[in-house]
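Residue numbers (the numbering used here): 12 to 396. Glycine included, C-beta positions come from ideal geometry on N, C-alpha and C. See below for the structure under consideration.
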Amino acid sequence: MLAVVGVRSRRLRSVLSALGISLGIATMIVVTGIPASGHKALMRELSALGTNMLQVVPLPDQNPPVRLPEESVDMADRIGPVTVASAVANTNTVIRRSDRADADDYLGITVLAAKHNLLEAVHGDLRHGRFLGPASDRLPTVVLGSTAASRLGVPRLGAGLGTPMVTVNGTWFTVVGILDPVPLAPELDRAALVGWETARDRLRFDGHPTVIYVNAREEALEDVRAVLPATVNPALPQAVRVSRPSDALAAKRASEDNASALFLGLAAVALLVGGVGVANTMFISVLERRREIGLRRALGASRGQIRNQFLVEAVALSAFGGAAGSLLGVLVVVGYALSQGWPPAVPPGAVLGGCGGAVLVGIAAGVYPSITASRLTPSEALSTL
12 MLAVVGVRSR
22 RLRSVLSALG
32 ISLGIATMIV
42 VTGIPASGHK
52 ALMRELSALG
62 TNMLQVVPLP
72 DQNPPVRLPE
82 ESVDMADRIG
92 PVTVASAVAN
102 TNTVIRRSDR
112 ADADDYLGIT
122 VLAAKHNLLE
132 AVHGDLRHGR
142 FLGPASDRLP
152 TVVLGSTAAS
162 RLGVPRLGAG
172 LGTPMVTVNG
182 TWFTVVGILD
192 PVPLAPELDR
202 AALVGWETAR
212 DRLRFDGHPT
222 VIYVNAREEA
232 LEDVRAVLPA
242 TVNPALPQAV
252 RVSRPSDALA
262 AKRASEDNAS
272 ALFLGLAAVA
282 LLVGGVGVAN
292 TMFISVLERR
302 REIGLRRALG
312 ASRGQIRNQF
322 LVEAVALSAF
332 GGAAGSLLGV
342 LVVVGYALSQ
352 GWPPAVPPGA
362 VLGGCGGAVL
372 VGIAAGVYPS
382 ITASRLTPSE
392 ALSTL
């Protein structure tokens, strides 16, 4: 109690003493939080490059041609670490702007049957309209890739623009959506996508996929790749080709390892600086307050009481400084991350470590000064009067 009164009675000194601790803890949080926020933004950009995606295709140029089983997509989806499995299939049909278009006018557009969850698997986005879904599964609707839409003269959709239609194998289809470019599957940019069941009903599609897109948890991606051939085509696993993991995945893992080591090093340096400041502040406080110590000893205070007073005072100052420094550090990290367009990332361990570390540093830094104060005899302490 007396230690707390001592802190409150010397407010300016207490604030200045806690300020050094606060700056040390705030520095620790800032030097871990800002790199963590930048690292999180980098990881998000690398993930957008398809670090968790694999493509499964039958081996080309085989005689007879290899075909994936109709149930291969569902079989791939049953693999534990797989999060999404989707597919497209070449319907081997021709798409034209109208039934009056020149039959020899080749547009280089592939008509593909597509699963409903295709965009999720390839990280694609719609530019206009909507994608294929259960409600339109058996209706003659089509979604165009960005390049295909340009070649067919359908640059956009919207109110007041009418409802564009195209012919697929001589059947009229309504254009319901246009995709943005798909960097992870550029073949979709030059494709016209129709529903899986629509292709069965109207285009004589046999149901065999030609490309399967698989997303899996990154830590298990290599294991998923190893079992995919035998899973999707148990009869001929050697006739299945699976793409290798993206080089971006290796870069992401290396970045995570390097960043972790960097954060720990920076945090250790900042905490060491804060601890030295606390020790220095408390030792000077003992030297400045020798007369107070001598007077209390002369009035009957024991060595243990003097020791506890200065130790509790050091812990109180450190706890206050740690809390203020943690708050300051979090505010700086969040403000800087938002100004850079990064997702704020304040490691919880840094905040908890800041508060807990401040208390531990206060104890460590206050032990020697408190022992020094308790060893002063009344005559030694009062001789400074």
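### Task
Measure the alpha-carbon distance for Ala246 versus Glu230 and round it to whole angstroms.
Working through the sequence shown from its first residue, we reach residue 246 at position 235. Working through the sequence shown from its first residue, we reach residue 230 at position 219. Spanning the two alpha carbons is a distance of roughly 28 Å.
### Message
Tell me the residue span of the beta strand (DSSP E) that contains Leu137.
### Response
Numbered from its first residue, the sequence shown carries residue 137 at position 126. Counting along the chain, the unbroken beta strand (DSSP E) around Leu137 starts and ends at Leu137 to Gly140.
### Message
For Pro75 and Pro69, what's the separation of their Cα atoms in angstroms?
### Response
For the purposes of this step, residue 75 is taken as residue 64 along the sequence shown, with counting starting at 1. For the purposes of this step, residue 69 is taken as residue 58 along the sequence shown, with counting starting at 1. Those two C-alpha atoms are separated by around 12 Å.
### Message
Taking 8 Å as the cut-off, does the region 186 to 204 touch the region 36 to 50 (at least 3 CB pairs, one atom from each stretch)?
### Response
Three or more beta-carbon pairs separated by less than 8 Å are not found between the region 36 to 50 and the region 186 to 204, which leaves the two stretches without contact.
### Query
Roughly how many angstroms separate the alpha carbons of Arg236 and Ser337, rounded to a whole number?
The residue labelled residue 236 in the question sits at position 225 within the sequence shown. The residue labelled residue 337 in the question sits at position 326 within the sequence shown. Separation of Arg236 and Ser337 (C-alpha to C-alpha, rounded to the nearest whole angstrom) is 44 Å.
#### Entry: Neighbourhood of Leu118 by C-beta, 6 Å cutoff - its chain only, sequence neighbours within 5 removed
Counted from its first residue, the sequence shown places residue 118 at position 107. So the list reads Arg162, once near-sequence residues are dropped.
### Query
So what does DSSP say about Arg228, is it helix, strand or coil?
Locating residue 228 in the sequence shown gives position 217, counting from the first residue. Correct three-state label for Arg228: coil.
### Task
Report yes if the CB atom of Leu129 is closer than 8 Å to the CB atom of Ser97, and no otherwise.
Looking up residue 129 in the sequence shown gives position 118. Looking up residue 97 in the sequence shown gives position 86. Going by C-beta atoms, Leu129 is nearer than 8 Å to Ser97.
### Task
Would you check if the distance between the CB atom of Arg213 and the CB atom of Pro175 is smaller than 8 Å?
Taking the first residue of the sequence shown as position 1, residue 213 is located at position 202. Taking the first residue of the sequence shown as position 1, residue 175 is located at position 164. Contact check for Arg213 against Pro175 fails: the beta carbons are separated by 8 Å or more.
### Query
Considering only the beta carbon of each residue, do Ile106 and Ile90 sit closer than 8 Å?
What you label residue 106 is simply residue 95 of the sequence shown in a count that begins at 1. What you label residue 90 is simply residue 79 of the sequence shown in a count that begins at 1. It is not a contact, given that the beta carbons lie outside the stated cut-off.
### Query
When you compare each of Ala356, Gly333 and Phe184 to Val397 by their alpha carbons, which one comes out closest?
Not covered by the structure: residue 397. The range shown for the chain is 12 to 396.
### Task
Would you mind stating whether His219 and Leu123 have Cβ atoms separated by less than 8 Å?
On the sequence shown, position 208 is the one that residue 219 refers to. On the sequence shown, position 112 is the one that residue 123 refers to. In this structure, His219 lies away from Leu123, with their beta-carbon atoms at least 8 Å apart.
### Task
Compare the Cα-Cα distances from Arg108 to each of Gln249, Val177, Asn101 and Asn319 and report the closest residue.
Within the sequence shown, numbered from 1, the residue matching residue 108 stands at position 97. The shortest Cα separation from Arg108 among Gln249, Val177, Asn101 and Asn319 belongs to Val177.
#### Entry: Leu155 classed as buried or exposed, judged by whether at least 16 other C-beta atoms fall within 10 angstroms
Sequence index remark: in the sequence shown, residue 155 carries index 144 (1-based). So Leu155 counts as buried.
### Task
Output the boundary residues of the beta strand (DSSP E) element that contains Arg215.
Walking along the sequence shown from the start, residue 215 turns up at place 204. Note, Arg215: premise wrong, no beta strand (DSSP E); not H, not E.
### Rounded distance between the beta-carbons of Ala330 and Ala369, thought under 8 Å
As a working note, residue 369 is residue 358 in the sequence shown. As a working note, residue 330 is residue 319 in the sequence shown. About 6 Å separates the two Cβ atoms, so the contact holds.
### Task
Determine the closest residue to Pro359 out of Ala47, Ile32, Leu30 and Ser33, with distance taken between C-alpha atoms.
Position 348 of the sequence shown, counted from the first residue, corresponds to residue 359. Considering only alpha carbons, the answer is Ala47.
#### Entry: Spatial distance of Leu371 from Ala361 (CA atoms)
In the sequence shown, the residue the question calls residue 371 occupies position 360. In the sequence shown, the residue the question calls residue 361 occupies position 350. So the alpha carbons of these two residues sit roughly 14 Å apart.
### Query
Are Val251 and Asn244 touching if we call contact CB-CB under 8 Å?
Translated into the one-based positions of the sequence shown, residue 251 becomes position 240. Translated into the one-based positions of the sequence shown, residue 244 becomes position 233. Asn244 sits close to Val251, with the two beta carbons spaced by under 8 Å.
### Task
Note down the Cα distance separating Ala241 from Ala87, rounded to an integer number of angstroms.
In the sequence shown, residue 241 corresponds to position 230, counting from 1. In the sequence shown, residue 87 corresponds to position 76, counting from 1. So the alpha carbons of these two residues sit roughly 10 Å apart.
#### Entry: CB of Lys51 within 8 Å of CB of Val84, strictly
Your numbering for residue 51 matches position 40 in the sequence shown. Your numbering for residue 84 matches position 73 in the sequence shown. One thing to note: Lys51 has its Cβ no nearer than 8 Å to the Cβ of Val84.
### Task
Could you spell out the range, first to last residue, of the beta strand (DSSP E) harbouring Val93?
Here residue 93 corresponds to residue number 82 of the sequence shown, with the count starting at 1. Val93 to Asn101 is the extent of the beta strand (DSSP E) around Val93.
### Task
On the DSSP bridge assignment, give the partners of Trp183 in chain order.
Start at 1 with the first residue of the sequence shown, and residue 183 comes out as number 172. Trp183 is bridged to Thr178.
### Message
Could you pull the DSSP bridge partners for Val343 from this structure?
### Response
To locate residue 343, count along the sequence shown from 1; it is residue 332. Beta-bridge pairing links Val343 to no other residue.
### Assigned exposure category for Glu233 - 16 Cβ within 10 Å defines buried
The residue given as residue 233 occupies position 222 in the sequence shown. With fewer than 16 Cβ atoms within 10 Å of its Cβ, Glu233 is classed as exposed.
### Query
Val133 and Val205 look like a contact to me (Cβ under 8 Å); what is the Cβ gap, rounded to whole Å?
Here the question's residue 133 lines up with position 122 in the sequence shown. Here the question's residue 205 lines up with position 194 in the sequence shown. Not a contact, Cβ separation roughly 17 Å.
### Task
Report the rounded CA-to-CA distance for Pro71 versus Asn103, giving the unit in angstroms.
Position 60 of the sequence shown, counted from the start, is the residue given in the question as residue 71. Position 92 of the sequence shown, counted from the start, is the residue given in the question as residue 103. If you take the alpha carbons of Pro71 and Asn103, they lie about 16 Å apart.
### Query
Residues bridged to Ala10 by DSSP?
Coverage of the chain is limited to positions 12 through 396, which leaves residue 10 absent and any answer about it impossible.
### Query
Nearest-angstrom Cα distance between Leu65 and Pro92?
The sequence position of residue 65 within the sequence shown is 54, counting from 1. The sequence position of residue 92 within the sequence shown is 81, counting from 1. Cα to Cα, the separation comes out at about 13 Å.
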